[in-house]
Structure formats: structure tokens, C-alpha cells
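Protein chains in written order, with this note's numbering: chain A, 1 to 306; chain B, 1 to 262.
A virtual CB, placed ideally from N, CA and C, is assigned to each residue, including glycine.
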Amino acid sequence: MTNQSTYRPGLHRYALAVGVCTWLLLLAGALVTSNDAGLAVPDWPLSYGKLMPPMVGGILYEHGHRLIAASVGLLTILLALWLWQTEPRRWLRRLGLLALGLVILQGLLGGITVLFFLPSAISVAHACLAQLFFSTVVSIALATSPTWHRPVLPLESAISPRLRRLAVLTAAAVFAQLVLGALLRHKVLGVEAHVFGALVVVAAILRVAATIRRHAAAHTALQATAIWLRRFLVLQLILGVAAYWVRLLTRDASQPEPVTVLITVLHVTFGALLLAASVVLTWQVYRACGRTHAFPAPTPLPQRAA
Amino acid sequence: MKRTQVLTIVLLALFVVVAACKKEAEAPKVEEGPAPAATTAAIDPATAATVTGKVVFKGTPPRRNRIRMDAEPNCVAIHKQPIYGEEVVVNDNNTLRYVFIYVKEGLGDRSFPSPAQPAVLDQKGCMYIPHVAGVMVNQELHVLNSDPTTHNIHPVPVNNREKNVSMPPGAEKLVFTFPREEVLIPVKCNVHPWMKSYIGVLRHPFFAVTGADGSFTIKGLPPGEYVIEAWHEKYGATEQKLTLATKETKTIEFTFTGAGGD
Numbered sequence: 001m002t003n004q005s006t007y008r009p010g011l012h013r014y015a016l017a018v019g020v021c022t023w024l025l026l027l028a029g030a031l032v033t034s035n036d037a038g039l040a041v042p043d044w045p046l047s048y049g050k051l052m053p054p055m056v057g058g059i060l061y062e063h064g065h066r067l068i069a070a071s072v073g074l075l076t077i078l079l080a081l082w083l084w085q086t087e088p089r090r091w092l093r094r095l096g097l098l099a100l101g102l103v104i105l106q107g108l109l110g111g112i113t114v115l116f117f118l119p120s121a122i123s124v125a126h127a128c129l130a131q132l133f134f135s136t137v138v139s140i141a142l143a144t145s146p147t148w149h150r151p152v153l154p155l156e157s158a159i160s161p162r163l164r165r166l167a168v169l170t171a172a173a174v175f176a177q178l179v180l181g182a183l184l185r186h187k188v189l190g191v192e193a194h195v196f197g198a199l200v201v202v203a204a205i206l207r208v209a210a211t212i213r214r215h216a217a218a219h220t221a222l223q224a225t226a227i228w229l230r231r232f233l234v235l236q237l238i239l240g241v242a243a244y245w246v247r248l249l250t251r252d253a254s255q256p257e258p259v260t261v262l263i264t265v266l267h268v269t270f271g272a273l274l275l276a277a278s279v280v281l282t283w284q285v286y287r288a289c290g291r292t293h294a295f296p297a298p299t300p301l302p303q304r305a306a
Numbered sequence: 001m002k003r004t005q006v007l008t009i010v011l012l013a014l015f016v017v018v019a020a021c022k023k024e025a026e027a028p029k030v031e032e033g034p035a036p037a038a039t040t041a042a043i044d045p046a047t048a049a050t051v052t053g054k055v056v057f058k059g060t061p062p063r064r065n066r067i068r069m070d071a072e073p074n075c076v077a078i079h080k081q082p083i084y085g086e087e088v089v090v091n092d093n094n095t096l097r098y099v100f101i102y103v104k105e106g107l108g109d110r111s112f113p114s115p116a117q118p119a120v121l122d123q124k125g126c127m128y129i130p131h132v133a134g135v136m137v138n139q140e141l142h143v144l145n146s147d148p149t150t151h152n153i154h155p156v157p158v159n160n161r162e163k164n165v166s167m168p169p170g171a172e173k174l175v176f177t178f179p180r181e182e183v184l185i186p187v188k189c190n191v192h193p194w195m196k197s198y199i200g201v202l203r204h205p206f207f208a209v210t211g212a213d214g215s216f217t218i219k220g221l222p223p224g225e226y227v228i229e230a231w232h233e234k235y236g237a238t239e240q241k242l243t244l245a246t247k248e249t250k251t252i253e254f255t256f257t258g259a260g261g262d
């Protein structure tokens with residue numbers, strides 16, 4: 001197999017579909033935590049000794065999450081197999097295997113959290129690994145996209161090292177902030193660390209976006225990703241403040257309130273999109289730098305007949 | 001990598017570590033193993049004293065939360081009238097319900113046998129009954145499911161073993177025992193998140209829970225000096241020291257203050 005790839009719309013659309021399903025899985029997982037339903041089903045891998053228990057109360061969220069997780073697991077197996085059998089780029093075949101390994105590990109962590117009554121370390125690991133898995137699937141979707149198969153305008157060599165560093169640091173800062181968010185949601189840390197992390201993320205994103213605007217004006221893909229990064233950032237800041245405020249207002253509620261659930265779930269799931277955007281940006285920057293063997297010049301897309 | 005960037009990352013990591021350590025330090029330690037056997041000194045009923053009283057609430061009673069059971073049709077079908085949360089229940093006489101009163105200090109190293117009579121916690125109308133209860137260490141707690149739906153009974157102790165057991169409708173009673181003292185163990189149902197109960201586990205039988213009139217009575221105490229504590233799930237704990245003479249009945253009053261009560 002050569003390292004040259006061709007654009008295959010079927011594979012790309014499938015990878016996109018897996019990405020969308022994974023995001024929905026993240027949403028389902030956030031619903032479980034926000035509704036305090038993590039232990040609504042006390043056994044695993046069956047639910048109340050069955051494949052399909054009565055879907056009422058917290059069982060709806062917990063077992064619903066398991067059903068979506070099983071589906072995503074199957075979709076990921078197919079994706080990894082498809083890549084392994086047909087993808088000429090070795091790094092992408094390995095990325096498919098990584099996605100498969102992550103989703104299997106996620107399943108096991110999910111089971112351990114139930115069987116050991118939600119130990120904080122495992123719950124936080126489960127939350128963070130979910131984000132890594134989502135980013136991996138997004139990366140596969142990016143690498144199979146038509147954009148990836150078009151020639152890329154190289155970045156100026158003077159700015160390349162700095163932009164690479166900024167992109168990686170931004171993605172790392174966003175991931176660290178997601179970790180702090182998971183630690184907050186599972187009551188390991190207070191809100192202070194998460195607020196501090198938000199400031200770091202804001203600084204990182206503004207810095208990398210400004211650098212791209214100043215030094216990569218001709219790179220439309222980078223510009224577009226930077227714009228989405230800023231949009232998700234603004235949305236996350238608003239959702240974060242709203243989540244804190246609504247939790248304060250409903251702290252004496254007898255049960256999770258719908259508005260609290262909605263805002264915290266949105267905050268978690270848009271956090272995943274923010275991470276995905278920062279990961280996409282990092283891939284795009286590295287590709288535009290063209291310094292690594294993992295991103296050889298692609299085969300151009302076939303020209304359409306006039 | 002620039003020095004400022006490295007410094008930023010190191011400071012961030014230090015902040016997280018310090019915050020995590022602080023949280024770790026605040027976490028209560030789990031006592032290992034049951035309490036050591038103590039000497040048995042029988043209480044002479046001819047000298048036994050009584051503590052009685054009530055728990056007063058000052059301030060504006062908070063509005064009780066209406067429970068939404070629409071996630072569970074079986075629960076909705078049971079209730080024709082609205083159901084309200086039991087976190088803060090202020091009685092008509094401005095006393096507080098569901099306060100756990102117990103002897104915190106003063107019994108020395110006396111030991112008391114666990115009663116053969118079990119305590120009962122029922123799941124009825126998709127609510128725990130009672131909302132607050134007391135048991136002695138190793139006394140059986142029988143958990144019943146009187147509802148036409150599945151519950152899961154999930155005590156979340158610190159000093160005892162955590163459990164999470166499902167109970168389908170018509171299931172046999174579950175029997176729990178708690179070998180270590182704990183004031184109080186929250187109990188919840190993860191299927192129905194509004195369901196909450198609290199179980200106090202003590203090495204002695206001198207405890208009570210206030211009811212609809214806010215009163216309590218603890219009988220059979222030997223003469224001596226005591227610390228009596230009143231615990232409420234929202235307003236925390238408050239204690240009083242008192243001295244009981246032979247066959248004395250002492251009346252005390254606890255006060256919890258809500259918003260607007262200062």
C-alpha cells in the first residue's frame with residue numbers, strides 16, 4: 001500500500017456519521033451525570049439482569065447511554081476495519097485502531113464506575129477519555145475529508161514553529177480545562193480551578209486566532225477553523241456562567257431541575273466541540289507547515305468535466 | 001518553548017494539585033473496623049432520667065419544592081395530590097420536623113445490645129418512609145418496596161459499606177446492617193432522584209426524630225453530664241450540654257434559624 005490517499009466520499013461520510021453519533025453519546029453521558037442517574041442501573045453489563053429494562057426515571061438516561069455507547073462501539077469497529085483494509089496512510093490506519101482501543105476502554109470504565117459506585121477517579125477518567133475519543137473520531141473525519149485531499153498553501157517558515165506551538169498549547173489548554181470541568185462535576189475540585197482554566201483557555205485561543213489572522217490570512221481553512229474556535233469559546237463562556245448561576249439558584253431543589261440539566265449538558269457537549277475545533281486547528285497547522293512525513297502531498301481530487 | 005509559557009503551565013499544574021490536596025484533606029476519613037468491645041454497665045431504671053423538648057424554627061419557612069414525578073408514570077398514578085419535598089418541613093407550631101436528636105457524649109464506655117426488633121424503611125408512593133430514622137449498630141434495617149415500580153436503594157455512607165441494590169415491585173425485603181456509627185447516612189434512589197432518606201447509626205438507643213409537633217423524648221438515661229446534638233439535613237447540627245440528676249426530666253429546646261430569622 002502506498003502512502004498516497006484518494007478522497008473517498010463514502011468513508012468520509014461514514015467517519016462524519018460516527019463523529020455525530022459520538023457527540024450524541026457525549027450528550028447522553030452528560031444527561032446521566034446531570035440527572036444523578038449514574039447508578040440508576042446497579043448491574044453491568046446487563047441492566048436489571050436484562051438487555052432492555054423498563055425505561056423509566058433514571059434508568060432511561062443510564063440505559064439509554066449504554067445503548068448509544070454500544071452503537072458507537074459497533075460503528076467504531078466498522079470504521080477501524082474499513083480504515084485498516086483500505087487506507088494507504090499508515091498513521092490513519094493506526095488512528096482507527098486508537099479510536100477502537102479508546103472506545104473499548106471507555107466501555108470498561110463505564111462498567112467499572114457502576115460496579116464500584118462511581119469512584120471519582122474512574123468517573124473523571126471516563127469523562128475525559130470520552131473527549132479524547134471524540135477528538136480522535138473528528139481527526140479521522142478530517143483526514144478523510146475533501147479539504148484534506150486538496151493541495152495546501154504552506155505557511156511561512158518564520159511563523160510555522162510559533163504557530164505549531166500555539167496550536168498544540170491551545171488544544172492542551174482546552175483539554176486541561178475539560179479535565180478541570182470533569183473534576184468539578186464529580187465534586188473532586190471546586191469551581192475556582194475551572195474558572196482559572198477558563199482564563200488560560202481564553203488567552204490561548206485569542207493568541208492563536210490573532211496569530212492566524214495576522215500571518216495566515218491566505219489560509220481559508222485555518223481562518224475558518226479559528227473563527228469557529230472563537231465562536232465556541234464565546235458560547236462556552238456564556239454557558240459556563242449560566243451553569244454556575246443556575247446551579248446556585250437551584251441548589252435547594254429536591255431533584256435535578258430541567259433548566260439546570262439543560263445548561264450543564266450544553267456546557268459539557270459544547271466543550272467537546274471546542275476541543276474538537278482546537279484539535280482540527282492543530283492538524284491543519286501541522287499540515288500547512290508540511291514538516292512531517294505523516295502528511296505527504298495528497299493526490300489531487302479528480303477534476304469535474306466542464 | 002518560552003520561559004513564560006513553561007511558567008504558566010507549571011503554575012496551572014501547581015494550582016490544580018494544591019486545590020486537589022485541599023479537597024482531599026477535607027474528605028472525611030473512613031474509620032476502619034467496628035468499635036472495640038466496651039464494658040457493659042446496666043442502667044438502673046430506678047435512677048433513669050429523661051430529656052424532652054422541641055426543635056423550634058425561627059425565620060420564614062422556605063417554600064417546599066413540588067416533586068415532579070412525570071419521569072415515572074407509575075409514581076404519577078399513585079398521587080392524586082401534589083407531593084412536596086421533605087428537606088425543610090416547618091410544622092404549624094413553628095417547630096421543625098425530621099430533626100435527628102441523639103446523645104453525642106456522656107455515656108462513657110457503656111455498650112448496649114442491638115435490638116432484635118428491626119427498623120423499617122419503606123418505599124411507598126415513590127417516597128422513602130420515614131424520611132429520617134435511627135438504628136443501632138448491627139441492628140437490622142428492613143427495606144421494603146410497596147410500590148408498583150422498581151426502585152434502587154442506595155445508601156451512601158462514609159464509615160460503612162456503600163450499597164446499591166435494585167428492588168423490583170413485590171421484591172422480598174432487603175436486610176441491611178451497619179457495623180459502624182455514622183450520623184447520618186444519606187439514602188437515595190437513583191431511578192427517582194427526589195427520593196431521599198437519612199439513617200442515623202449509633203451504638204446506643206438514645207435518639208429520637210421530631211415529628212409533626214416538633215417534639216422529642218429520650219428516656220432511660222443514667223444520671224450524668226451529656227452533650228445532646230440536634231441534626232438537620234439543611235441547617236446542620238447544634239448541641240447542648242446538660243446535667244441529669246437521678247430520675248430527672250429535663251426539658252430543652254433547640255433552635256434552627258432560616259432566612260429572615262436573625
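Whether residue i touches residue j by CB criterion (7 angstroms)
| i | j | result |
| --- | --- | --- |
| N91/B | A212/B | yes |
| V41/A | H65/A | no |
| I153/B | V137/B | no |
| T136/A | A99/A | yes |
| L142/A | V280/A | yes |
| Y84/B | R97/B | no |
| W264/A | A243/A | Sequence check: residue 264/A is Thr here, not Trp. Yes, Cβ-Cβ distance for T264/A and A243/A is below 7 angstroms. |
| N35/A | P256/A | yes |
| I218/B | V51/B | yes |
| I68/A | L25/A | yes |
| I159/A | H215/A | yes |
| E253/B | K54/B | yes |
| A203/A | A226/A | no |
| V114/A | F133/A | no |
| L184/A | V195/A | no |
| L153/A | A218/A | yes |
| V179/A | T282/A | no |
| R75/A | V18/A | Checking the sequence, you will find Leu at residue 75/A rather than Arg. Yes; because the gap between Cβ atoms is below 7 angstroms, this pair is in contact. |
| L166/A | T211/A | yes |
Member of the options whose CA lies at the smallest distance from the CA of residue i
| i | options | result |
| --- | --- | --- |
| Q123/B | E182/B, R97/B, W194/B, P62/B | W194/B |
| V143/B | M136/B, P130/B, V137/B | P130/B |
| F117/A | L222/A, A167/A, F175/A, G38/A | G38/A |
| T149/B | P155/B, C189/B, P113/B | C189/B |
| R110/B | A42/B, K173/B, T177/B | A42/B |
| V200/A | A221/A, L249/A, A171/A, R185/A | A171/A |
| C126/B | T60/B, L202/B, E72/B | E72/B |
| K163/B | L31/A, D43/A, G19/A | D43/A |
| T257/B | P45/B, N159/B, P61/B | P61/B |
| E87/B | L262/A, L235/A, R251/A | R251/A |
Per-residue burial, residue i [other beta carbons within 10 Å of its own, 16 or more giving buried]
| i | result |
| --- | --- |
| G314/A | The displayed coordinates of chain A run from 1 to 306. Any statement about residue 314/A would go beyond what the structure contains. |
| A360/A | Summary: the structure shown does not reach residue 360/A, with chain A confined to residues 1 through 306, and so no result is reported for it. |
| T251/B | exposed |
| E182/B | buried |
| G10/A | exposed |
| M52/A | exposed |
| Q177/A | buried |
| T246/B | exposed |
| W148/A | buried |
| T170/B | The residue asked about is misnamed: residue 170/B is Gly in this sequence, not Thr. Exposed, since its Cβ has fewer than 16 Cβ neighbours within 10 Å. |
| S146/B | exposed |
| G197/A | buried |
| R63/B | exposed |
| H79/B | exposed |
| L108/A | exposed |
Span of the beta strand (DSSP E), counted from its first residue to its last, around residue i
| i | result |
| --- | --- |
| H154/B | 151-155 |
| I199/B | 196-202 |
| A252/B | Inspection of the sequence shows that residue 252/B is occupied by Ile rather than by Ala. It spans 249-257 - the beta strand (DSSP E) in which I252/B sits, taken as one unbroken run. |
| T52/B | 49-58 |
| V234/A | No beta strand (DSSP E) contains V234/A, which is instead part of the alpha helix (DSSP H) from 220-249. |
Continuous alpha helix (DSSP H) stretch holding residue i: start and end
| i | result |
| --- | --- |
| H215/A | 191-215 |
| L221/B | Where L221/B is concerned, there is no enclosing alpha helix (DSSP H), although the beta strand (DSSP E) it sits in stretches over 215-221. |
| G96/A | 90-115 |
| P258/A | 258-289 |
| L340/B | Given that chain B is displayed from residue 1 to residue 262, the structure contains no residue 340/B and the question cannot be resolved. |
| S310/A | Given a span of 1 to 306 for chain A in the structure shown, any question on residue 310/A remains unanswerable. |
| W44/A | Looking at the DSSP string, W44/A is not in any alpha helix (DSSP H), and its letter there is neither H nor E. |
| E62/A | 57-86 |
**OP:** Flag this pair as touching only if the segment 94-103 of chain B and the segment 228-246 of chain B have three or more C-beta atom pairs under 8 angstroms; answer yes or no.
**Re:** yes
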